[in-house]
Amino acid sequence: MKGIHKRQKSAESIGNIIFIMGKSFETLNSTRDSSESTLTVITLYEDAQMKQKTAICLLAGSVSVVPFTAVGETGYYFGTGFSYRVMSAHRLKDEKRYIQRKRSSHDMVLGYRVENGQVFFGPEINIERFRRGWFQDLHAPTNCEAIQNTSYYCSRRSTYRVRGIYGRKLGQRTEVYGALGIGVMKGYGAIQQGRISLGINAGVTIGLGIQYPIRRNGMLRAEVVYDNFDLVIQHPRGPDGQRYSPSYEATTLKVSFIMSF
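Residue numbers (this note's numbering): 182 to 442.
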């Protein structure tokens, strides 16, 4: 009987050893599966990172090869700068009175240039905006509206010009040009002493300028512009409904920086 019990215990011990070994193999397989899963996740993440970096590099390369139009080539251009009116004249019938402006204005230009050898030409839009464009009498240190009771323009709020540009190169870099077109000026005219009213005039604008490239796609421009706006589109109106018909004349010095694109 004792021998039988010993054999049973030995069999149970062997069974326990086999059971423990089986569990160990299951644990090992589970650990290996988990490691493989982790490795798979890491590989997918690295692939995603590599694709993202590749996309960014391709995008950066595509942006970097977008060219700007060089100065002197056919294409659009945009510029900004300032203008300063040298002298203005406002007429009422046969009387002519000169007044000055206190401040310079902000100037913007947008155009299209056509290059043809040594000659260039094209359309251009020019806008001047005045924050405080009040005029002052040339001979008296007072504002226009304080002393006038007739329809002079006492302020210029904005000027819009549509012009044709024609010019040519002088040497390798310097260019000269002329401009001719139509323009509109919006301002306030004196209708009574101390009172003003909105008016709009239109007419002819002429310009003569010089420009010089200072970067591959940049150019510095200086220009003298003469405006003669005799056509009244909107009359300044007095308190009793009477309409005034002022004219507007100005000579302006403009300096701008232009970029081609």
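Each residue gets a CB set at the ideal place from its N, CA and C atoms; glycine is no exception.
Self-check item: A360 classed as buried or exposed, judged by whether at least 16 other C-beta atoms fall within 10 angstroms
Solution: buried
Practice problem: Just the C-alpha distance for H416 and R338, rounded to the nearest angstrom, thanks. | Solution: Rounded to whole angstroms, the gap between the alpha carbons of H416 and R338 is 15 Å.
Quiz item: For the beta strand (DSSP E) that contains R294, what are its first and last residues?
Solution: 286-297
Quiz item: Of the residues F442, G419, I387, V295, which one's Cα is nearest the Cα of T433?
Solution: That would be I387, whose Cα lies nearest to the Cα of T433.
Quiz item: Whose C-beta lies closer than 8 Å to the C-beta of G345 among residues of the same chain, with five residues either side of it excluded?
Solution: F302, G303, P304, E305, A360, L361, G362
Quiz item: Using the rule of at least 16 other Cβ atoms within 10 Å of the residue's Cβ for burial, across every protein chain shown, is G390 buried or exposed?
Solution: buried
Practice problem: For the beta strand (DSSP E) containing Q415, list its first residue and its last residue. | Solution: 399-415
Exercise. May I ask you to report which of helix, strand or coil DSSP gives E356?
Key: strand
Practice problem: Return the first residue and the last residue of the beta strand (DSSP E) that P394 is part of. | Solution: 376-394
Quiz prompt | Under the three-state DSSP convention, the category G345 falls into | solution = Strand at G345.
Quiz item: Alpha carbon to alpha carbon, how far is Y393 from F263?
Solution: 17 Å
Practice problem: Please determine, among G260, C335, V290, R402, the residue with the shortest C-alpha to C-alpha distance to Q373. | Solution: C335
Quiz item: Do you know whose CA, among S437, E356, R310, lies nearest A403's CA?
Solution: S437
Self-check item: DSSP three-state assignment for P370, whether helix, strand or coil
Solution: Sequence check: residue 370 is Gly here, not Pro. Reduced to three states, the DSSP call for G370 is strand.
Practice problem: May I have the straight-line CA-CA distance separating F311 from G399, to the nearest angstrom? | Solution: 25 Å
Quiz item: For R294, is the classification buried or exposed, using 16 other Cβ atoms within 10 angstroms of its Cβ as the cut-off for buried?
Solution: buried
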